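Novice:
There are 2 protein chains.
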Amino acid sequence: MKDKIKILVTNDDGIDSPGIKALSQAMAKLGDVIVVAPDRQQSAVGHTLTVARPLRVTKVMRNGSLFGYAIDGSPSDCVKIAIHRLLPDKPDLVVSGINHGRNTAINILYSGTVAAATEGMLAGIPSIAISLASHDLSQDTSVAAEYAYLIAKKFVNSNLTPNFLLNVNVPSVPKEHILGIKVAKHSSSYWEDTYEMREDPFGRKYYWFAGEYCTPDDRLDTDDVALESGYVTITPVHFDFTKYDVLDKLSSFEEFNSAESNIDR
Amino acid sequence: MKDKIKILVTNDDGIDSPGIKALSQAMAKLGDVIVVAPDRQQSAVGHTLTVARPLRVTKVMRNGSLFGYAIDGSPSDCVKIAIHRLLPDKPDLVVSGINHGRNTAINILYSGTVAAATEGMLAGIPSIAISLASHDLSQDTSVAAEYAYLIAKKFVNSNLTPNFLLNVNVPSVPKEHILGIKVAKHSSSYWEDTYEMREDPFGRKYYWFAGEYCTPDDRLDTDDVALESGYVTITPVHFDFTKYDVLDKLSSFEEFNSAESNIDR
Chain D
160 MKDKIKILVT NDDGIDSPGI KALSQAMAKL GDVIVVAPDR QQSAVGHTLT
210 VARPLRVTKV MRNGSLFGYA IDGSPSDCVK IAIHRLLPDK PDLVVSGINH
260 GRNTAINILY SGTVAAATEG MLAGIPSIAI SLASHDLSQD TSVAAEYAYL
310 IAKKFVNSNL TPNFLLNVNV PSVPKEHILG IKVAKHSSSY WEDTYEMRED
360 PFGRKYYWFA GEYCTPDDRL DTDDVALESG YVTITPVHFD FTKYDVLDKL
410 SSFEEFNSAE SNIDR
Chain W
160 MKDKIKILVT NDDGIDSPGI KALSQAMAKL GDVIVVAPDR QQSAVGHTLT
210 VARPLRVTKV MRNGSLFGYA IDGSPSDCVK IAIHRLLPDK PDLVVSGINH
260 GRNTAINILY SGTVAAATEG MLAGIPSIAI SLASHDLSQD TSVAAEYAYL
310 IAKKFVNSNL TPNFLLNVNV PSVPKEHILG IKVAKHSSSY WEDTYEMRED
360 PFGRKYYWFA GEYCTPDDRL DTDDVALESG YVTITPVHFD FTKYDVLDKL
410 SSFEEFNSAE SNIDR
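If you're matching them up, the sequences are chains D and W in order.
Numbering-wise, the first sequence is residues 160 to 424 according to my numbering.
Numbering-wise, the second sequence is residues 160 to 424 according to my numbering.
1) Counting only beta-carbon atoms, is R215/D nearer than 8 Å to chain W?
2) So, V216/W versus Y403/D, is the Cβ gap smaller than 8 Å?
3) What's the C-alpha gap between I240/D and M220/W?
4) With distances taken between CB atoms, is the gap from L252/D to P285/D smaller than 8 Å?
5) By the three-class DSSP mapping on this structure, what secondary structure does G260/W have?
6) For a cutoff of 8 Å on Cβ pairs, would you count F368/W as touching chain D?
7) Straight-line CA distance for V302/D to G260/D?
8) Determine the closest residue to V391/D out of I267/D, V254/D and A343/D, with distance taken between C-alpha atoms.
9) Assign A288/D to one of three DSSP states: helix, strand, or coil.
10) Against chain W, which members of the stretch 286-310 of chain D pass a CB distance test of less than 8 Å?
11) So that I know if they touch, is there some Cβ in chain W lying closer than 8 Å to that of E358/D?
12) How about F398/W: is its C-beta nearer than 8 Å to some C-beta of chain D?
13) Can you find the residues in the same chain that come closer than 6 Å, C-beta to C-beta, to S270/D, ignoring five residues on each side of it along the sequence?
14) Could you compute how far the alpha carbon of K334/W sits from the alpha carbon of A369/D?
15) Can you tell which of S224/W, S290/W, D407/W and S388/W has its C-alpha closest to the C-alpha of T169/W?
16) Quick check on DSSP: helix, strand or coil for P330/W?
17) Classify V314/D as buried or exposed, calling it buried when 16 or more other Cβ atoms lie within 10 Å of its own Cβ.
18) Check the C-beta distance from A307/W over to I287/W and give it rounded, since I have them as a contact under 8 Å.
19) Pick helix, strand or coil for T381/D, following the three-state DSSP scheme.
20) I'd like to confirm the pairing. Which residues does DSSP put opposite I393/D in its beta bridges?
21) Would you call the stretch 192-209 of chain D in contact with the stretch 225-235 of chain D, where contact means no fewer than 3 C-beta pairs closer than 8 Å?
22) Between P234/W and chain D, is there a C-beta pair that is closer than 8 Å?
23) Check the DSSP bridge columns for Y349/D and list the partner residues they point to.
24) Against chain D, with Cβ distances strictly below 8 Å, would G205/W count as a contact?
25) Going along the chain, which residues of the stretch 162-186 of chain W sit with their C-beta nearer than 7 Å to a C-beta in chain D?
26) Taking 8 Å as the threshold (C-beta atoms), are H336/W and T394/W in contact?
27) Can you look up P197/D in the DSSP assignment and give me helix, strand or coil?
28) Show which residues of chain D have a CB atom less than 7 Å away from the CB atom of T387/W.
29) Provide the residue span of the alpha helix (DSSP H) that contains T272/D, from first to last.
30) For D171/W versus A264/W, is the C-beta distance shorter than 8 Å?
31) If the criterion is Cβ atoms closer than 8 Å, does the pair G256/D and T272/D meet it?
32) From M160/D to V254/W, what does the alpha carbon distance come to, in whole angstroms?
33) Taking only runs of the beta strand (DSSP E) that begin and end inside the stretch 208-271 of chain D, which ones reach a length of at least 3 residues, in chain order?
34) What would DSSP say about K165/D, mapped onto helix, strand or coil?
35) So, helix, strand or coil for G362/D, using DSSP?
36) With L189/W as the anchor, note down where its alpha helix (DSSP H) starts and where it stops.
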C-alpha cells in the first residue's frame, strides 16, 4: 500500500447527509479524502446516468476548507465525473454511503449507493458500498463508519483484483449487539409490490408504491438473514448479465439459429 | 399456449415514440396488447424506481380506442404499476422497446428498456427487451418489430422457465442485409469516459458526458460483434450479483470472519 492513499467518498443521500459526514471522517484515518456527491437526495435512482443534459459542479466548503463537490446528478454521475474530470489522479479507493436503508438482495438493483461503487469497480478501483439497515435519518452512523474503516483498510491492503465491489450492510443496533462480520451471498428476498390508490385535494387519483419486503431465506450465509441476526454483512458483488446455462438451449431453437434472415423479404 | 395471450408493451423512449407504436402493432398479431409507458423520454435511467413521490396515470386514446396508459415515472415504475394495479390479469408476456440505441454489454446496466423487461422477469413473466442499433429516431423500426414478433412467439411457446429475460438487439440496416439471428453472450465492451467542459452564456462552467464506446472483443458469439456483423442478437440476461469465486477468499480474512464484534467497544 502507498503511504497515503486517495479516497473518493460519495453517496446517494446527498452531500449534506449525516452518513457521508461520518464516512468521510472515518476514511480520513486511512488516506486523503475527497467527497463528490449529489447535491440532493437520490434514493432508488439505480444506475442512472445523466446524458441528456449537462452537469453542474459546486465546490462545498466546511469550516473554511474544501469538503468536496456537489453535483446536480446521480451517484453514478458523481463517480464518473470525479474520476474522469475533477480529480487530478485516479483514486485508490471508492467508498459510497453510509446509506440509510439496507441494500441487500434484489435491492442492489435499485440502489444508487451500490451504483456509485459499481462505477468505481468498472474503473478498476477497489470500491465499497456501505448501508445502515434503518431508514431513520436520526440513527447513529458512527458504528457503520468504524466498520467501513476496518473493511476498507483490509480491502486496499489485500491483493484481490477489484473486479467486484464489496457491498456492506450494518445492522442498526447498538455497537455491543453486533455479532461480528459475515461474508454472505445475496439472499433471495423480494418485494411483494402494491400501489396504494389515493385522491388528491382536487379529487384526482394518484398511486404510491407501497411494497412489502419478503425474506424466504433462512440460511445464515445470505445477506438479509445474517444482517437480521446481528452481523455486519459483506457481499462481493459483480454484474455478469448472461445466463449461460440457457445459451445452448436457445441456440437449439431453429427460429433463433439460422444462416440467413428469418423474416420474409 | 393460450388462444389469446395478454401482452404488456412498454419502453423508455416514451409513449409517443415511433418504436412503441411499431412494437405494439407487431405484438397485436400475437395477442391482446396493452401499452403502459412513460409519458416522456427516459433514456439511461437504468433501474430507477419512484418511491419518494406518487405516480399519475393518464389514459391515452388513439383513433377513438384505448392505446394505453402514460405514467409520469420510469420504465420500471410502468411495469410494476401495470402488473400490480392497472391490469385486471397478470400479462403472459412483457415486451419493452423498440429502443433507439443498442443495449449490449455494459449498457444493460444503464438501460431503462432492459430495466422494464427485468421487472417483468422478476414477476415471473416471459420478458423481452428490444433495441435498434441507431440513435436516429427517423430510422425505420419495422424490421425490428418483425423480429420482436418472431422471437416473442417462440419464447411464449417454449417451455423455458422465465428466470431470465431476452435482450434483443437489431442492426440498423435494410432488411435484406440482416444475416439472421445469433444467440450471443454479452460482450466486454466498455465506455472510455470523458466529460466535456463548456461555458454557458453567463460564463459559468458545465460538464457534459461524452464517452467513447470501445469493443475489444472479436468473437462472433458476443452481442456487439454479432450485431456489427449484421446479426440480430439474443442474449439471455439475469442478475446474479454475488461473485461466488471470491466468497471463500474473503471469508479467509481474519478481519472479515470473527465470532464477535470486530471493533473496540
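Ideal placement from N, C-alpha and C gives every residue a C-beta, glycine not left out.
In this text, all values refer to a predicted model and were calculated from it rather than measured experimentally.
Specialist: Reading from the atomic positions:
1) The residue given as residue 215/D occupies position 56 in the first sequence. Cβ-Cβ to chain W under 8 Å: yes for R215/D.
2) In the second sequence, counting from the first residue as 1, residue 216/W sits at position 57. In the first sequence, counting from the first residue as 1, residue 403/D sits at position 244. No, these two residues do not count as a Cβ contact at 8 Å.
3) Taking the first sequence and counting its residues from 1, one reaches residue 240/D at position 81. Taking the second sequence and counting its residues from 1, one reaches residue 220/W at position 61. Cα to Cα, I240/D sits roughly 42 Å from M220/W.
4) Taking the first residue of the first sequence as 1, we reach residue 252/D at position 93. Taking the first residue of the first sequence as 1, we reach residue 285/D at position 126. Going by beta carbons, L252/D and P285/D fall inside the 8 Å limit.
5) Here residue 260/W refers to the residue found at position 101 of the second sequence. DSSP, reduced to helix, strand and coil, places G260/W outside both helices and strands of the structure shown, so it counts as coil.
6) Counted from its first residue, the second sequence places residue 368/W at position 209. Nearest CB-CB separation between F368/W and chain D: below the 8 Å threshold.
7) Stepping through the first sequence from its first residue, residue 302/D is reached at position 143. Stepping through the first sequence from its first residue, residue 260/D is reached at position 101. Rounded to the nearest angstrom, the two C-alpha atoms are 15 Å apart.
8) By one-based count along the first sequence, residue 391/D stands at place 232. Nearest to V391/D by alpha-carbon distance, out of I267/D, V254/D and A343/D, is A343/D.
9) The residue you call residue 288/D lines up with position 129 of the first sequence. Correct three-state label for A288/D: strand.
10) Going along the stretch 286-310 of chain D in chain order, one finds V302, E305, Y306, L309 and I310 with a Cβ nearer than 8 Å to chain W.
11) For the purposes of this step, residue 358/D is identified with residue 199 of the first sequence, where counting begins at 1. For E358/D, the answer is no, since every Cβ of chain W falls outside 8 Å of its Cβ.
12) Locating residue 398/W in the second sequence gives position 239, where the first residue counts as 1. Output row for F398/W: interface = yes.
13) Numbered from 1 along the first sequence, position 111 holds the residue referred to as residue 270/D. Answer for S270/D: N262, listed in chain order.
14) To locate residue 334/W, count along the second sequence from 1; it is residue 175. To locate residue 369/D, count along the first sequence from 1; it is residue 210. Separation of K334/W and A369/D (C-alpha to C-alpha, rounded to the nearest whole angstrom) is 45 Å.
15) Here the question's residue 169/W lines up with position 10 in the second sequence. Among S224/W, S290/W, D407/W and S388/W, the Cα nearest to that of T169/W is on S290/W.
16) Counting from 1 along the second sequence, the entry for residue 330/W is found at position 171. Taken through DSSP and simplified to helix, strand or coil, P330/W comes out as coil.
17) By one-based count along the first sequence, residue 314/D stands at place 155. Sequence inspection shows Phe at residue 314/D; the Val mentioned does not correspond to that position. Burial call: buried.
18) Here the question's residue 307/W lines up with position 148 in the second sequence. Here the question's residue 287/W lines up with position 128 in the second sequence. A307/W to I287/W, Cβ: 7 Å. Contact.
19) Walking along the first sequence from the start, residue 381/D turns up at place 222. Strand at T381/D.
20) Here residue 393/D refers to the residue found at position 234 when the first sequence is read from its first residue. Its beta-bridge partners are V327/D and V342/D.
21) Because the criterion of three Cβ pairs below 8 Å is met, the stretch 192-209 of chain D and the stretch 225-235 of chain D touch.
22) In the second sequence, counting from the first residue as 1, residue 234/W sits at position 75. Not one beta carbon of chain D lies nearer than 8 Å to the beta carbon of P234/W.
23) Your numbering for residue 349/D matches position 190 in the first sequence. DSSP, once it has assigned bridges, lists C373/D as partnering Y349/D.
24) Reading the second sequence from its first residue, position 46 is the one you call residue 205/W. With 8 Å as the cut-off, G205/W counts as an interface residue toward chain D.
25) Residues: none.
26) On the second sequence, position 235 is the one that residue 394/W refers to. On the second sequence, position 177 is the one that residue 336/W refers to. Between T394/W and H336/W, the gap from beta carbon to beta carbon reaches 8 Å or more.
27) Walking along the first sequence from the start, residue 197/D turns up at place 38. Looking at P197/D - three-state DSSP - the assignment turns out to be strand.
28) Locating residue 387/W in the second sequence gives position 228, counting from the first residue. Rather than Thr, the amino acid found at residue 387/W in this sequence is Glu. Per Cβ cutoff of 7 Å: no residues; E387/W is ~17 Å from chain D at best.
29) In the first sequence, the residue the question calls residue 272/D occupies position 113. Run containing T272/D: G271 to L281, per the alpha helix (DSSP H) assignment.
30) Start at 1 with the first residue of the second sequence, and residue 171/W comes out as number 12. Start at 1 with the first residue of the second sequence, and residue 264/W comes out as number 105. A264/W sits away from D171/W, with the two beta carbons spaced by 8 Å or more.
31) Along the first sequence, one-based indexing puts residue 256/D at 97. Along the first sequence, one-based indexing puts residue 272/D at 113. Yes. Within cutoff.
32) For the purposes of this step, residue 160/D is taken as the residue at position 1 of the first sequence. For the purposes of this step, residue 254/W is taken as the residue at position 95 of the second sequence. Interpretation of M160/D is limited by its pLDDT of 49, a score under 50 that renders its predicted location unreliable; the figure taken from the coordinates is listed afterwards. Rounded to whole angstroms, M160/D to V254/W spans 49 Å at the Cα level.
33) Qualifying beta strand (DSSP E) stretches, in chain order: 216-221, 224-230 and 252-259.
34) Within the first sequence, numbered from 1, the residue matching residue 165/D stands at position 6. Note: K165/D maps to strand in three-state DSSP.
35) What you label residue 362/D is simply residue 203 of the first sequence in a count that begins at 1. Here G362/D sits in coil by DSSP.
36) Your numbering for residue 189/W matches position 30 in the second sequence. If you look at L189/W, you'll find it isn't in any alpha helix (DSSP H); DSSP assigns it neither H nor E.
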